[in-house]
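Worksheet for the structure shown next.
Residue numbers (UniProt numbering): 1 to 144.
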């Protein structure tokens, strides 16, 4: 994945409001999902709005905000705003994201589900059987 986060440096106070390392007891690093995560995002945005938005995954396709350009947007703010509008707009961003990543695009066109999943979800894709789920969905909805 193309990353732009190296340009998104914290401004002002750089003291993190919450821990950033994995807990020793093996629990989830950021806690359960839900509305309270928006409180955490708001706190991070006080430090640096762009960096906070870029550090989050957005929409049904969970595209990292730092990939806003690959998704077809001029800024992370525009990407986040658009993602919050509709699923159709999220699909638009996903298609752009895939097309701007040649290896990912090639794997998807070749129906290479493991190749696509490894590029899109990273090396842990097998843990969640993403490749198998995509292959099954493809068949279910009329693919070969």
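C-beta: ideal position from N, C-alpha, C; glycine also. Only a predicted model underlies this, so the values are computations on that prediction, with no experimental measurement involved.
Short Cβ contact (7 Å threshold) for residue i with residue j
{"i": "residue 65", "j": "residue 76", "result": "yes"}
{"i": "residue 32", "j": "residue 44", "result": "no"}
{"i": "residue 104", "j": "residue 119", "result": "yes"}
{"i": "residue 114", "j": "residue 131", "result": "yes"}
{"i": "residue 61", "j": "residue 94", "result": "yes"}
Given residue i as reference, the closest of the options once Cα atoms are compared
{"i": "residue 89", "options": "71, 144 and 121", "result": "71"}
{"i": "residue 92", "options": "79, 123 and 41", "result": "79"}
{"i": "residue 69", "options": "49, 98, 87 and 116", "result": "98"}
{"i": "residue 101", "options": "47, 34 and 63", "result": "63"}
{"i": "residue 112", "options": "74, 136, 55 and 96", "result": "136"}
{"i": "residue 110", "options": "55, 129 and 143", "result": "143"}
{"i": "residue 57", "options": "96, 141, 41 and 46", "result": "41"}
{"i": "residue 74", "options": "85, 87 and 50", "result": "50"}
Residue i to residue j span [Cα, whole Å]
{"i": "residue 37", "j": "residue 139", "result": "36 Å"}
{"i": "residue 46", "j": "residue 121", "result": "29 Å"}
{"i": "residue 125", "j": "residue 48", "result": "31 Å"}
{"i": "residue 86", "j": "residue 96", "result": "16 Å"}
{"i": "residue 55", "j": "residue 123", "result": "19 Å"}
{"i": "residue 129", "j": "residue 141", "result": "18 Å"}
{"i": "residue 39", "j": "residue 84", "result": "17 Å"}
{"i": "residue 35", "j": "residue 127", "result": "26 Å"}
Assigned exposure category for residue i - 16 Cβ within 10 Å defines buried
{"i": "residue 67", "result": "buried"}
{"i": "residue 82", "result": "buried"}
Query raised in the report: Can you give, in chain order, each stretch of the alpha helix (DSSP H) that sits fully within the segment 19 to 82 and has at least 4 residues?
Result: 36 to 47 and 49 to 54
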